[in-house]
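Step one of this worksheet: look at the structure below.
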Amino acid sequence: MKKRTMLVLAAVCLVAWVPSPVLAGDPRSIQIKGSDTMVNLVQAWVEGFMKENPDSFISVTGGGSGTGFAALISRTCDIAASSRDITAKEVEFAAKKGVRPKEFRVALDGLAVVVHPSNPVSRLTLDELAGIFTGRTTNWKEVGGRDSGIVVLSREVNSGTHVYFKEHVLRKQDPKSREEFSPEALLLSSSQAIADEVIQNPSAIGYFGMGYIGKNHAALSIAKDAASEAVGPTIDNVVSGRYPISRPLFMFTDAEPRREVRSFLDFALSAEGQAIVSQVDFVPVKK
Numbered sequence: 000m001k002k003r004t005m006l007v008l009a010a011v012c013l014v015a016w017v018p019s020p021v022l023a024g025d026p027r028s029i030q031i032k033g034s035d036t037m038v039n040l041v042q043a044w045v046e047g048f049m050k051e052n053p054d055s056f057i058s059v060t061g062g063g064s065g066t067g068f069a070a071l072i073s074r075t076c077d078i079a080a081s082s083r084d085i086t087a088k089e090v091e092f093a094a095k096k097g098v099r100p101k102e103f104r105v106a107l108d109g110l111a112v113v114v115h116p117s118n119p120v121s122r123l124t125l126d127e128l129a130g131i132f133t134g135r136t137t138n139w140k141e142v143g144g145r146d147s148g149i150v151v152l153s154r155e156v157n158s159g160t161h162v163y164f165k166e167h168v169l170r171k172q173d174p175k176s177r178e179e180f181s182p183e184a185l186l187l188s189s190s191q192a193i194a195d196e197v198i199q200n201p202s203a204i205g206y207f208g209m210g211y212i213g214k215n216h217a218a219l220s221i222a223k224d225a226a227s228e229a230v231g232p233t234i235d236n237v238v239s240g241r242y243p244i245s246r247p248l249f250m251f252t253d254a255e256p257r258r259e260v261r262s263f264l265d266f267a268l269s270a271e272g273q274a275i276v277s278q279v280d281f282v283p284v285k286k
């Protein structure tokens with residue numbers, strides 16, 4: 000009886016440790032890692048692609064754009080999803096590993112700045128945003144709101160969204176600027192975490208890709224300066240360039256991708272794939 004029990008347990012362990020097709024080097028499998036902002040979009044693409052290619056196996060993992068580039072350079076993924084461009088340092092490191100990152104521009108996004116719906120502040124300039132997120136402005140009354148301390152929410156440093164916001168809002172694309180997020184800022188691990196915190200905290204302000212805007216968020220209109228019109232994060236404003244915190248979204252492969260990966264990228268950039276971009280509240284790069 001004891002011997003039979005041990006045999007059964009061994010069989011169970013064997014079944015449990017059989018690698019999935021995605022992890023076993025199956026040529027039909029695709030590993031995608033990177034941008035948290037893009038996770039919902041990439042998963043929607045995967046659903047559409049697998050309806051037409053049911054024998055494919057695709058794994059999607061977030062963790063941030065930096066995580067995606069690290070995986071691409073270490074050859075533990077086929078596609079790095081990124082909400083920022085690759086840095087010169089990452090390109091240099093990739094070259095040392097024999098990896099040649101190839102860029103595919105797959106969608107556009109507007110970074111929404113959101114507050115609780117009860118917050119009376121509805122518009123801010125880029126300078127006011129920089130003041131809040133660097134910690135120079137600490138009370139909502141300083142920007143026309145209630146007498147209440149501001150709770151600053153940010154993505155963590157490995158996030159491409161974090162990097163983009165810092166470079167374009169805090170540093171205003173000035174390479175000499177050394178502005179940083181306030182040391183009091185709460186660094187959260189995902190866009191969804193920021194979305195959830197804003198809903199329950201009337202004093203909070205955070206940012207994420209506009210695909211995460213929900214009915215319980217108030218997205219602020221943003222002006223380039225005090226003399227400019229404040230505009231909201233809408234598809235039309237992102238396409239026209241009127242919304243001042245807009246960015247492209249990318250996928251990167253190692254050199255020219257193999258056939259299965261190329262097929263997935265072609266789907267993402269097809270009319271059907273770009274329609275999916277609109278369905279999940281991002282902006283197509285192709286009409």
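Okay, so the sequence shown: first residue is 0 according to numbering that gives the first Met the number 0, each after it adds one.
Glycine included, every Cβ here is placed at the ideal spot set by N, Cα and C.
Asked, Found
"CB contact flag (Trp-44, Ala-226, <8 Å)", "no"
"Secondary structure of Asn-138, DSSP reduced to three states", "strand"
"Val-230 in three-state terms, based on DSSP", "strand"
"Buried versus exposed call for Glu-91 [16 or more other C-beta atoms within 10 Å across all chains shown]", "exposed"
"Own chain, CB closer than 8 Å to Val-238, minus 5 neighbours either side, in chain order", "Leu-107, Val-282"
"Contact set for Pro-20: own chain, Cβ-Cβ below 8 Å, skip 5 residues either direction", "In this predicted model, Pro-20 has a pLDDT of only 38, less than 50, meaning its place in the structure is not dependable enough to derive any value."
"First and last residue of the uninterrupted beta strand (DSSP E) at Glu-46", "Careful: Glu-46 lies outside any beta strand (DSSP E), inside the alpha helix (DSSP H) at 38–51."
"Run of the alpha helix (DSSP H) containing Ala-267, from where it starts to where it stops", "258–268"
"The region 79–94 contacting the region 267–281, beta-carbon criterion three pairs below 8 Å", "no"
"N-terminal and C-terminal residue of the beta strand (DSSP E) that Val-105 is part of", "100–114"
"Integer-rounded CB distance, given that Asp-25 should sit under 8 Å from Gly-61", "Not quite, the Cβ-Cβ distance comes to about 23 Å (not below 8 Å), so this is no contact."
"Sequence-distant residues of its chain with Cβ nearer than 8 Å to Ser-277 (five each side left out)", "Ile-234, Pro-283"
"For Lys-165, the three-state DSSP class (helix, strand or coil)", "helix"
"Option in Gln-172, Arg-170, Lys-175, Ile-204 with minimal Cα separation from Leu-186", "Ile-204"
"N- and C-terminal bounds of the beta strand (DSSP E) containing Gln-172", "Looking at the DSSP string, Gln-172 is not in any beta strand (DSSP E), and its letter there is neither H nor E."
"Assigned exposure category for Gly-210 - 16 Cβ within 10 Å defines buried", "buried"
"Contacting residues, own chain, Cβ-Cβ under 8 Å from Lys-140 (five flanking each side not counted)", "Asp-146, Ser-147"
"C-beta atoms of Val-120 and Gly-97 nearer than 8 Å", "no"
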